[in-house]
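Start counting at 1 in the sequence shown, then tack on 52, and there's your number in the numbering used here. Cβ atoms here follow ideal geometry from the backbone N, Cα and C, with glycine treated the same way. Only a predicted model underlies this, so the values are computations on that prediction, with no experimental measurement involved. Take a look at the structure set out below.
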Amino acid sequence: MKSLIVGHGGREAALGSRMAQSSALYAFMGHNNPTLTDLANETGGKIAIGNVCDGKAITDFALVNEIDIVLVSSDDPLASGVVDNLIHAGVKVVGPTKAGAEIEWNKAFSRKVVSEISPQSNPSYSFVTGISELDTALSEIGADGYVVVKPLGLTGGKGVKVVGPHLKDITEARSYAASLLDESDNAGVIIEERIEYPEFTIQAMTDGKTVIFPPATYDYPYRFENDEGPGTGGMGSCSQKNGLFPFLAKDVYEKACEITYDAIQYLATHNRHFSGCMNAGFFATEAGPKVIEFNSRFGDPEAMNIMSLFDGDLIETLMSIDEKKLSDKSIRFFDKSSMVIYLVAPEYALGISSSPREFSIDLDSIKSSNVEVFFSSSERQSTGLYKTIGTSRAVAFVVAEDSLEEARNKLEKTIGFTFQGDLEWRKDIGLFFGGSAKPNP
Ligand code: GLY
């Protein structure tokens with residue numbers, strides 16, 4: 053059996069590690085991710101470095117290597133229609149087509165879906181397509197002095213801005229929204245009410261029909277402790293043994309699952325092919341869940357939580373998704389608390405560029421433990437020595453334990469004795485559950 057993963061982040065490294073348990077792993081990636089390269093070498097697979105949005109190159113690589121199943125779980129390739137290319141060539145693939153992934157890459161479409169399946173779960177919002185509509189939207193939605201401004205398309209967690217943490221007031225919100233409307237590729241902007249409740253995400257796995265709901269996950273999108281600083285793609289994430297959180301009641305989680313299920317069925321009935329993972333983000337409000345957004349793929353870092361809990365054969369699961377035979381008996385999750393801590397370049401998300409940072413990790417010393425290390429934006433220099441690529445998330449440490457406290461202690465200890473370098477990480481992962489307005493990645 054030969055499998056192919058497209059992408060090069062910590063998420064792909066974690067998904068690839070599970071695929072490599074029962075197949076030869078091939079990887080098509082933008083840079084030489086050390087985790088994926090090692091897995092390909094160990095399992096008799098192969099890597100290719102190229103543009104992960106180039107559907108033709110990826111399809112050619114899959115055909116030449118006679119790949120049995122491909123997984124695409126990264127926003128840009130999905131929005132570029134990589135899955136469409138693969139399907140067209142007759143390659144088995146898990147992931148939505150461009151039309152299915154629109155639920156992520158077009159926030160106006162996503163709001164429309166929610167307004168049809170569960171209107172009460174949308175925040176108050178206005179889809180603004182021109183500057184002449186902006187003042188009315190801001191005065192209606194922002195009557196309390198607060199709004200959220202969202203670009204329509206993909207921004208890697210850094211485009212959503214909230215009055216309070218990012219924008220001083222409605223006047224600054226107006227300037228930001230107007231600048232987005234000025235950008236030629238932005239056909240509009242979303243103005244939403246600010247909601248101040250804790251967030252959670254659900255990584256729903258689906259073949260487009262059957263949907264499996266893993267434990268809820270909690271992402272840390274702010275750059276610094278106590279949710280200070282700018283938005284990021286996610287500094288870490290956790291899940292709790294009972295699948296819920298101190299702030300998340302079972303009925304709110306179940307309602308959120310119902311909304312996610314309905315969104316997937318909506319896409320199916322509108323002939324938008326969707327398979328893989330729907331990463332659905334919600335605010336846990338007293339009046340029930342409010343949808344933040346839908347992502348048409350696993351979250352990064354949340355995929356690493358789910359893979360640390362996944363108890364099964366991921367290749368078998370991917371094949372059953374492709375064959376539309378997913379069953380709730382085919383996926384089980386360990387009853388544990390999981391945690392991911394990302395180590396990032398100090399300049400990450402601060403709008404400052406820097407030259408590559410060198411760091412070392414002694415992987416041998418943790419081989420016998422249950423901690424896993426997944427590289428992201430970094431490459432190997434020599435044994436144990438790595439360097440960052442760009443100013444991004446470099447490497448993730450992941451574990452599943454009996455409690456969040458044990459998981460955090462284990463990760464902190466492991467990072468302490470294996471890692472050397474000047475990367476940074478949030479020290480409050482698993483300790484802090486914010487309830488204030490956040491940038492929605
Ligand atoms: N962690 C947020 C995302 O994957 O978009």
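Under the three-state reduction of DSSP output, residue 324 falls in the coil class, being neither helix nor strand. Remark: three or more beta-carbon pairs, one from each stretch, lie closer than 8 Å, so the stretch 144–163 and the stretch 196–204 are flagged as touching. Where residue 347 is concerned, the enclosing beta strand (DSSP E) starts and stops at 340–347. With fewer than 16 other CB atoms across the displayed protein chains lying within 10 angstroms of its CB, residue 376 is exposed.
When DSSP assignments are scanned along the stretch 411–438, no uninterrupted stretch of alpha helix (DSSP H) that is 4 or more residues long falls wholly within it. Between the ligand GLY and the CB of residue 354, the shortest heavy atom gap is smaller than 7 Å. Fully enclosed beta strand (DSSP E) runs of no fewer than 3 residues occupy 274–276, 280–283, 288–291, 328–337 of the stretch 255–342, in order along the chain. Residue 134 is bridged by DSSP to nothing; it lacks a bridge partner. Shortest Cα-Cα distance from residue 276 to any of 399, 84, 168, 154 involves 399.
Restricting attention to beta strand (DSSP E) runs no shorter than 3 residues, the stretch 149–205 encloses them at 177–180, 200–203, ordered along the chain.
Distances from the CB of residue 147 to the heavy atoms of the ligand GLY are all 7 Å or more. For residue 359, the enclosing alpha helix (DSSP H) starts and ends at 354–361. Residue 339 is classed as exposed because its beta carbon has fewer than 16 other beta carbons within 10 Å across all chains shown.
In the structure shown, the three-state DSSP call for residue 446 is strand. In the DSSP assignment, residue 464 falls within the alpha helix (DSSP H) that extends over 456–470. Placement of the Cβ of residue 351 at a distance of less than 7 Å from at least one heavy atom of the ligand GLY is found. The C-alpha of residue 97 is placed about 46 Å away from the C-alpha of residue 228.
Between the alpha carbons of residue 74 and residue 209 lies a distance of about 33 Å. As computed with DSSP, residue 81 is found in a beta bridge with 101. Residue pairing for residue 71: DSSP places it in no beta bridge. Look at residue 331: its beta carbon is less than 7 Å from one of the heavy atoms in the ligand GLY. Not one heavy atom of the ligand GLY is found less than 7 Å from the C-beta of residue 279. Contact between residue 445 and residue 127 fails: their C-beta atoms lie close to 15 Å from each other, not under 8 Å. Taking residue 318 as the centre and dropping the five residues before and after it, the same chain places the C-beta of 165, 169 closer than 6 Å to its C-beta, in chain order. With a threshold of 7 Å, the Cβ atom of residue 211 does not count as near the ligand GLY, since no heavy atom of the ligand is closer than that. When only Cα atoms are considered, residue 333 and residue 346 end up about 6 Å apart. Collapsing the DSSP output to three states places residue 441 in coil.
Taking the Cβ atoms as the reference, residue 247 lies roughly 5 Å from residue 335, within the contact range of under 8 Å. Note that the C-beta distance between residue 110 and residue 137 is below 8 Å.
DSSP places residue 233 within a helical segment (H, G or I) once states are collapsed to three.
Residue 391 sits in a strand when the DSSP states are folded into three classes. In this structure, the CA atom of residue 262 is about 30 Å from the CA atom of residue 81.
When 451, 232, 288, 259 are compared, the shortest CA-CA separation from residue 272 is found for 288. For residue 123, the enclosing beta strand (DSSP E) has its first and last residue at 121–124.
When distances are taken from the beta-carbon of residue 286 to the heavy atoms of the ligand GLY, the shortest one is below 7 Å.
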